[in-house]
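Heads up, the sequence shown is in the UniProt record's numbering, so the first residue is 1 and it goes up one at a time. By construction, the Cβ of each residue, glycine as well, lies at the ideal position given by its N, Cα and C atoms. Below is one structure, written out as structure tokens, with a few remarks after it.
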Amino acid sequence: MTFKPRHYQERVLEGLANSKTPYTGLVGAGLGTGKTAMSVWNALNAFGDSIGEQIILIVAPVRTESGWRSHWKTLAGIDMRTLSGKKTKTALAVWDDLENNTPGVYFITWELMRSRNKEKRWDGRAKKYVFKSMAKPFYGIEFGMVIADEWHRACNHSSLNFDVARHIKARYRLALSATPAGNKPCNIWAALKFLWPNHYGGYWDFCEKFFKVEVNPWSAYGKDFSGERSPGMVRRGAPSYHEVSQAEANPELPGVIIHRVEVELSRAQRKAYDDLEQKALTFLGEYPLALSIPMELDLRLRQMTLGIPSFNEDGAVDYKEDCKSSKLDAMMDIIADLPEDEPVVVWVHSQKFIKAALYRLKKAGIKAIEVSGKSRGDFHAMINGDVRVIVAQHEAMSEGVDGLQRVCHTEIWLSQSNSLVINEQATGRLNRQGQSTAVNRFLIQATDTVDDRVLGRLQERFDKLKASGLI
Numbered sequence: 001m002t003f004k005p006r007h008y009q010e011r012v013l014e015g016l017a018n019s020k021t022p023y024t025g026l027v028g029a030g031l032g033t034g035k036t037a038m039s040v041w042n043a044l045n046a047f048g049d050s051i052g053e054q055i056i057l058i059v060a061p062v063r064t065e066s067g068w069r070s071h072w073k074t075l076a077g078i079d080m081r082t083l084s085g086k087k088t089k090t091a092l093a094v095w096d097d098l099e100n101n102t103p104g105v106y107f108i109t110w111e112l113m114r115s116r117n118k119e120k121r122w123d124g125r126a127k128k129y130v131f132k133s134m135a136k137p138f139y140g141i142e143f144g145m146v147i148a149d150e151w152h153r154a155c156n157h158s159s160l161n162f163d164v165a166r167h168i169k170a171r172y173r174l175a176l177s178a179t180p181a182g183n184k185p186c187n188i189w190a191a192l193k194f195l196w197p198n199h200y201g202g203y204w205d206f207c208e209k210f211f212k213v214e215v216n217p218w219s220a221y222g223k224d225f226s227g228e229r230s231p232g233m234v235r236r237g238a239p240s241y242h243e244v245s246q247a248e249a250n251p252e253l254p255g256v257i258i259h260r261v262e263v264e265l266s267r268a269q270r271k272a273y274d275d276l277e278q279k280a281l282t283f284l285g286e287y288p289l290a291l292s293i294p295m296e297l298d299l300r301l302r303q304m305t306l307g308i309p310s311f312n313e314d315g316a317v318d319y320k321e322d323c324k325s326s327k328l329d330a331m332m333d334i335i336a337d338l339p340e341d342e343p344v345v346v347w348v349h350s351q352k353f354i355k356a357a358l359y360r361l362k363k364a365g366i367k368a369i370e371v372s373g374k375s376r377g378d379f380h381a382m383i384n385g386d387v388r389v390i391v392a393q394h395e396a397m398s399e400g401v402d403g404l405q406r407v408c409h410t411e412i413w414l415s416q417s418n419s420l421v422i423n424e425q426a427t428g429r430l431n432r433q434g435q436s437t438a439v440n441r442f443l444i445q446a447t448d449t450v451d452d453r454v455l456g457r458l459q460e461r462f463d464k465l466k467a468s469g470l471i
């Protein structure tokens, strides 16, 4: 099957190819607009038949890895390789190949990019040693293309993310983000400087020229910058700046855009999970957890994919607020990339696990409530603007809930209910009449776990009901 760009993607690709700096540019595209596909097509346009001879670097959030991998394979026939922090022979071999200038597409997370390419140096202004970028990140290699996904993670001009990114050598550069300036208009400088280092001068001169100056006695410099002096001037002056709105990308709205987020269990989770799956026995702290029937084993395995459980004072299986959880790590990673104050509904099958999710959200300064059979949380709190996130047990909020679709279009699924009907009802809380934009649904799945079997069972039931005309 051949995949072709949609009309708005063709517009962006033509703009990138015909700009003053071909194949280098800023793509302001949000969730569900196909910016990953556009990036791969842009690389194919830039290199043509020599794409297999290039060294291409993708810097992106960990949750996007599987999406990038599938797009490179489907659209370019290239197996993407991941630069990881693991010490296995396979992982180290990828770093060795990169150091030896072996062609390929390499993926790295923002966090690992930063940690692998920093060094302590004396900061004269701060009068102390601070972490700064190495002069030559990634062994000083000049990449054919570097693609920075979710650029807003590096929009702070004084951040280490930006410092490392700007020092990466590359023939072509691409920055992707729906909000490339983050929460401050003047922060657009970082993206522009990353893309066109010789076209733009220093941060302070840029801000003085294009943005209104405000006195701020609490700032280290006694001033701050607000909106543009002439709105739109910075965008119009950029050599290659292309925007895609969800309305343009998805004119058939409302609809649902599925984002499958694969996570690996933490080492502790994986050990407990494997012990339980293979022996039907594992230890939670000092206490053994033994299972005798398949249904109970299935239940406990699903608990393991959420986080490391423990026993409470009554001897029942429970979760601590600060339990280790790869799924909660992914949840917070997703929320960090959403616009500030964007409402989110989080779905999970276990009521006991909700307190761990709420603890993470509260720790990040995010107002959230629980909606479950054991809580008094009311979904109207989101409609009224009192909370940003609802963490809900499927059964408690899958029926009789209306109005959320008018204020929210993002949902994160930590797990599914075993009931197909309940799941179907839950999916209709945001994707319903009154929704004005596409619903972004993030399905977080733990690889090589019972999650795969649960989804398979649910899909099989759905297909049978569909064929019978019962759904």
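Pair within 8 Å by beta-carbon distance, residue i and residue j
i, j, result
"tyrosine 200", "lysine 209", "no"
"valine 344", "arginine 406", "no"
"valine 27", "leucine 176", "yes"
"serine 375", "glutamate 395", "no"
"tyrosine 273", "threonine 449", "yes"
"alanine 446", "valine 263", "yes"
"glycine 104", "aspartate 96", "no"
"arginine 229", "proline 197", "no"
"proline 239", "serine 19", "yes"
Proximal residues to residue i (C-beta, below 6 Å), its chain only, five neighbours per side dropped
i, result
"glutamate 99", "Tyr139"
"lysine 352", "Asp318 and Tyr319"
"methionine 331", "Ile412"
"valine 244", "Tyr8, Ala29 and Thr33"
"leucine 398", "Note on identity: in this sequence residue 398 is serine, with leucine being the wrong assignment. Only Ile422, Gln425 and Ala426 meet the Cβ criterion."
"phenylalanine 162", "Ala154 and Ala190"
"asparagine 216", "Lys223 and Asp224"
"threonine 82", "Phe107"
"lysine 86", "none"
Residue i - DSSP class collapsed to helix/strand/coil
i, result
"leucine 57", "strand"
"glutamine 351", "coil"
"tryptophan 413", "strand"
"tryptophan 218", "coil"
"glutamate 340", "coil"
"methionine 145", "strand"
"alanine 17", "helix"
"lysine 212", "strand"
"serine 66", "helix"
"alanine 238", "coil"
"phenylalanine 442", "strand"
"lysine 169", "strand"
"alanine 93", "helix"
"histidine 259", "strand"
"glycine 48", "helix"
"alanine 76", "helix"
"serine 310", "strand"
"alanine 178", "coil"
"tyrosine 8", "helix"
"phenylalanine 194", "helix"
"threonine 449", "coil"
"glutamate 228", "strand"
"lysine 184", "coil"
"tyrosine 273", "helix"
"lysine 35", "helix"
"glutamate 99", "helix"
"threonine 82", "strand"
"glutamate 243", "strand"
"aspartate 318", "strand"
Pick from the options that is closest to residue i, judged by C-alpha positions
i, options, result
"tyrosine 129", "Pro137, Glu119 and Gly232", "Glu119"
"isoleucine 58", "Cys207, Lys86, Glu14 and Ile108", "Ile108"
"lysine 212", "Met397, Val12, Val234 and Trp196", "Val234"
"aspartate 123", "Ser158, Gln445, Gly67 and Glu264", "Ser158"
"aspartate 402", "Asp386, Gly428, Ala392 and Arg11", "Gly428"
"lysine 327", "Ser266, Ala392, Ile55 and Tyr241", "Ser266"
"glycine 77", "Ile51, Gln393, Ile55 and Asn101", "Ile51"
"leucine 443", "Thr21, Arg63 and Lys35", "Arg63"
"valine 371", "Ala91, Ala392 and Met382", "Ala392"
"threonine 305", "Ala368, Asp451, Gly434 and Val164", "Asp451"
"glutamine 54", "Met145, Asn117 and Asn156", "Met145"
"isoleucine 141", "Ser310, Asn156, Gly25 and Ile56", "Ile56"
Other residues of its chain near residue i: CB distance less than 8 Å, five sequence neighbours each side excluded
i, result
"aspartate 337", "Pro61, Glu150, His152 and Arg153"
"glycine 255", "Asn431, Ala438 and Val439"
"phenylalanine 3", "Ala37, Thr74 and Leu75"
Spatial neighbours of residue i in its chain, beta-carbon cut-off 7 Å, leaving aside the 5 residues before and after
i, result
"tyrosine 23", "Leu16, Ala17, Asn42, Asn45, Ala46 and Tyr172"
"isoleucine 308", "Ala268, Gln269, Ala272, Cys323 and Lys324"
"tryptophan 110", "Val59, Pro61, Arg153 and Asn161"
"threonine 21", "Trp196, Pro239 and Ser240"
- Item | Segments assigned beta strand (DSSP E), at least 3 residues, entirely inside the region 357-427 | 368-371, 389-393 and 410-413
- Item | Whole runs of the alpha helix (DSSP H) within the region 105-144, excluding any shorter than 4 residues | 110-116
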